[in-house]
Amino acid sequence: FPIGGRRQKPRHVGLTMVIDKGLGLTEFGDLLEVAAPYIDFIKLGFGTSVFYPAPILREKIRLARSYGVEIFPGGTFFEVAVLQGRLELYLKTAGELGYTFIEVSDGTINMSLAQRYDAVARAREAGFGVITEVGKKDPRDAVGEIKILNLMATDVEAGADYVIVEGRETGQGVVIYDKNGVVKEETLELLLQGVQNAERIIWEAPQKQQQQALIMRLGPNVNLGNVQPGDVLALEALRVGLRGDTLRAA
Amino acid sequence: FPIGGRRQKPRHVGLTMVIDKGLGLTEFGDLLEVAAPYIDFIKLGFGTSVFYPAPILREKIRLARSYGVEIFPGGTFFEVAVLQGRLELYLKTAGELGYTFIEVSDGTINMSLAQRYDAVARAREAGFGVITEVGKKDPRDAVGEIKILNLMATDVEAGADYVIVEGRETGQGVVIYDKNGVVKEETLELLLQGVQNAERIIWEAPQKQQQQALIMRLGPNVNLGNVQPGDVLALEALRVGLRGDTLRAA
Amino acid sequence: FPIGGRRQKPRHVGLTMVIDKGLGLTEFGDLLEVAAPYIDFIKLGFGTSVFYPAPILREKIRLARSYGVEIFPGGTFFEVAVLQGRLELYLKTAGELGYTFIEVSDGTINMSLAQRYDAVARAREAGFGVITEVGKKDPRDAVGEIKILNLMATDVEAGADYVIVEGRETGQGVVIYDKNGVVKEETLELLLQGVQNAERIIWEAPQKQQQQALIMRLGPNVNLGNVQPGDVLALEALRVGLRGDTLRAA
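Printed below as a string of structure tokens:
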């Protein structure tokens with residue numbers, strides 16, 4: 028490959044996290060059959076997982092894990108559970124369904140740092156891997172880089188495996204992206220300079236130009252999230268220099 | 028759920044109409060298996076239905092109906108039939124294929140009010156449910172709110188079950204959307220104030236921001252159309268407050 | 028149909044070339060079952076074909092050909108082979124996998140006219156149909172119309188069956204498209220006036236507005252490429268006037 032050093036699974040960097048907004052069982056199986064070696068995590072977006080017929084949800088979870096892919100429900104579902112004071116029930120149900128990872132976020136609700144720390148710790152104790160998310164969904168709630176760095180440090184200390192930097196479905200006007208979806212270099216650099224362990228960050232990067240920019244800046248093994256199911260092989264091609272954009276630089 | 032009151036099927040409000048531009052049989056079955064409880068209508072977009080091998084089209088129609096989902100051909104096909112003076116043949120063929128609903132529109136052709144009334148009535152007499160559409164596809168043909176309100180009233184009087192407000196595939200520069208796809212509040216309010224029965228309106232809303240805006244304004248049981256097959260569960264999450272955007276407001 | 032004269036397969040004009048970024052086997056079979064009569068070529072985009080499990084890639088190639096659809100790997104893969112001095116190996120492997128067409132491009136790398144001529148001729152000698160591509164992927168490398176016309180003439184002389192005009196995945200800021208994806212009339216006319224055999228050109232046109240503009244200018248049998256799998260039937264509807272946009276003009 029034109030760009031060398033791409034890690035193979037199992038790996039702790041170079042992760043690709045796919046967002047699934049409601050794939051049917053056949054499509055889901057198709058995706059795994061073709062692309063499982065290039066997918067580390069699948070997130071069932073938002074609260075969509077609650078709408079699946081239970082046997083189908085269980086089968087998706089089983090199928091993903093049988094291909095060596097971790098699967099977890101989106102953080103919005105967690106946030107509703109916290110709002111309603113039902114975190115225990117949420118963790119119990121998640122475990123029964125077969126999930127092994129949980130996303131802890133406060134993209135919409137407000138949580139104190141102590142509450143957040145506690146939620147991460149409780150998910151860990153219940154046996155889950157934990158992925159947290161930083162960054163608010165609504166531009167009116169935007170938080171600064173210092174706050175984000177603090178959250179990241181606390182999350183990792185509480186036991187989080189990875190921290191997602193919010194990119195939303197559009198990748199526009201959120202944390203490291205401006206309203207056109209272009210990476211804000213200054214914000215990105217501030218985060219990179221301030222973070223203890225950049226390898227724990229998963230950057231949500233729904234747009235190809237964003238994936239490309241982050242690969243150019245952070246190399247083929249940058250962790251990327253909110254990747255569309257149909258874009259997994261194209262992203263892998265970007266990572267190893269088999270697309271014009273990264274091939275030119277190689 | 029954070030937002031209560033969402034109606035279950037069978038229902039006469041809170042409808043979700045999906046646009047299908049050519050899904051294959053397996054994908055179509057996948058969609059229904061996962062999301063049929065959240066889909067009321069599937070529209071086979073434009074004139075695409077004419078291109079299917081006949082056995083596949085029949086099977087799609089059968090499959091949809093077996094899941095309690097109504098399916099109908101896009102209005103462009105009807106318009107061509109009217110242009111060619113073959114409405115009878117069109118209705119006969121539609122019936123033989125198994126369709127139970129017909130879309131009556133003049134998004135591109137010109138029809139007098141009398142012709143339109145007659146077409147709705149004839150489809151009704153032939154045993155079909157009828158969905159009409161208001162709003163021109165080409166910005167150069169744009170019609171005002173008064174005209175649209177008149178059409179809506181006439182259509183319902185002629186026997187239409189629902190009236191779709193045109194949103195096109197893009198949701199840009201058409202009826203209630205400006206060229207960036209943002210809802211024009213003033214137009215929306217004029218239509219809402221003038222209409223007799225707002226529950227008969229299906230708002231085409233292909234973009235997530237549009238679905239969100241209409242849910243915020245009209246509640247979880249607003250009728251929405253031109254929803255992408257892959258967005259059905261995500262829309263349902265929006266309706267009940269399981270996404271950041273509507274959760275924040277809940 | 029409102030617009031007459033649409034050619035049926037097998038045909039040498041009116042081609043639709045689909046871009047496949049990694050469809051699974053079932054989706055791929057679904058697409059062919061529904062839409063094979065409307066697809067002439069499938070391009071496995073960029074270098075994605077290298078990531079498929081070998082049995083799946085072979086099965087995709089076999090399946091496409093069994094439906095009378097030609098399938099070929101994207102040019103980026105060819106460019107890497109040339110960069111690495113492994114053109115022979117590339118052609119040999121492609122033949123063993125069952126490909127019958129090869130794309131020759133220099134969207135990212137630099138090739139002399141002689142090298143390019145030689146590559147086309149060698150692929151031909153090895154028994155492949157050849158599709159070349161003109162136009163650079165990176166705006167910084169943009170080439171003028173004269174250069175493009177020269178390349179086209181040379182490619183055809185060297186034995187190319189078709190010449191693709193680069194449109195990228197986005198259709199923005201490349202050859203005939205401005206940065207908003209609008210067709211640059213002047214560039215288009217210059218190319219049309221200068222080219223010997225316009226029927227050999229396949230215009231990459233990923234956006235619907237681009238497909239529509241080219242159909243309006245060049246008729247229902249214009250060759251179009253980089254069509255999304257889910258858009259094949261909708262494009263066919265555009266070609267024959269079964270969508271508002273082209274129906275209005277018909």
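Residue numbers (UniProt numbering), protein chains in the order written: chain B, 28 to 277; chain L, 28 to 277; chain H, 28 to 277. All C-beta atoms in this analysis are idealised placements derived from N, C-alpha and C, irrespective of residue type, glycine included.
Check: Backbone secondary structure at phenylalanine 28 of chain B - three-state DSSP; Outcome: coil
Check: Three-state secondary structure (DSSP) of glutamate 231 of chain H; Outcome: strand
Check: Selected residue, minimal CA-CA separation from lysine 235 of chain B, among B/Pro37, B/Gly271 and B/Gly95; Outcome: B/Gly271
Check: Rounded Cβ spacing between aspartate 47 of chain L and isoleucine 69 of chain L (contact assumed at less than 8 Å); Outcome: 5 Å
Check: First and last residue of the uninterrupted beta strand (DSSP E) at leucine 251 of chain L; Outcome: 251 to 254
Check: Asparagine 248 of chain H vs arginine 113 of chain H beta-carbon contact at 7 Å; Outcome: no
Check: CB contact check: alanine 277 of chain H to chain L, cutoff 7 Å; Outcome: no
Check: Distance between asparagine 207 of chain B and glutamate 54 of chain B (C-alpha atoms, nearest Å); Outcome: 31 Å
Check: At least 3 beta-carbon pairs within less than 8 Å: the region 99 to 109 of chain L vs the region 117 to 132 of chain L; Outcome: yes
Check: Three-state secondary structure assigned by DSSP to methionine 44 of chain L; Outcome: strand
Check: Beta carbon proximity, lysine 164 of chain H to chain B, threshold 7 Å; Outcome: yes
Check: Cutoff 7 Å: glutamate 212 of chain L Cβ touching any chain B Cβ; Outcome: no
Check: CB contact check: phenylalanine 155 of chain B to chain L, cutoff 7 Å; Outcome: no
Check: Whole-Å CB distance - alanine 148 of chain H paired with glycine 186 of chain H, under 8 Å assumed; Outcome: 6 Å
Check: Close beta carbons around phenylalanine 28 of chain L, own chain, < 8 Å, minus the five adjacent residues each side; Outcome: Val267, Gly268 and Leu269
Check: Partners in chain D for tyrosine 79 of chain B, counting only beta-carbon separations shorter than 7 Å; Outcome: Checking the listed chains, one finds no chain D in this structure; the protein chains it contains are B, L and H.
Check: As assigned by DSSP and simplified to three states, the class of isoleucine 173 of chain L; Outcome: helix
Check: Coil, strand or helix - tyrosine 126 of chain H by DSSP; Outcome: coil
Check: CB of lysine 163 of chain L within 7 Å of CB of valine 157 of chain L, strictly; Outcome: no
Check: Ordered list of beta strand (DSSP E) runs contained in the region 182 to 242 of chain L, each at least 3 residues; Outcome: 189 to 192 and 228 to 231
Check: Presumed contact (8 Å Cβ cut-off) between valine 96 of chain L and alanine 63 of chain L, rounded CB distance; Outcome: 6 Å
Check: Where glycine 49 of chain H meets chain B, residues with beta-carbon distance less than 7 Å; Outcome: Val61, Ala62, Gly257, Val259, Leu260 and Ala261
Check: Continuous beta strand (DSSP E) stretch holding isoleucine 136 of chain H: start and end; Outcome: No beta strand (DSSP E) holds isoleucine 136 of chain H; DSSP gives it neither H nor E.
Check: Candidates L/Ile136, L/Glu160 and L/Asp168, of which the one nearest glutamine 177 of chain L by Cα; Outcome: The question names glutamine, but residue 177 of chain L is asparagine in the sequence shown. Closest by alpha carbon: L/Glu160.
Check: Chain B contact for phenylalanine 73 of chain H (CB, 7 Å cutoff); Outcome: yes
Check: Leucine 116 of chain L vs asparagine 250 of chain L beta-carbon contact at 7 Å; Outcome: no
Check: Contact check, leucine 265 of chain L vs threonine 135 of chain B, beta carbons under 7 Å; Outcome: no
Check: Straight-line Cα distance separating glutamine 199 of chain L from valine 209 of chain L; Outcome: 8 Å
Check: Chain L within 7 Å of glutamate 86 of chain B, Cβ atoms only; Outcome: no
Check: For glycine 156 of chain L, three-class secondary structure by DSSP; Outcome: strand
Check: Chain B contact residues for leucine 116 of chain H, given Cβ-Cβ distances below 7 Å; Outcome: By Cβ distance, chain B contributes nothing, its closest Cβ being about 15 Å from leucine 116 of chain H, past 7 Å.
Check: Proximal residues, the region 86 to 112 of chain H versus chain B, C-beta separation under 8 Å; Outcome: Thr103, Phe104, Glu106, Val107 and Leu110
Check: Three-way DSSP call (helix, strand, coil) for leucine 71 of chain H in this model; Outcome: strand
Check: Residue-level contact to chain B via CB, threonine 53 of chain H, 7 Å cutoff; Outcome: yes
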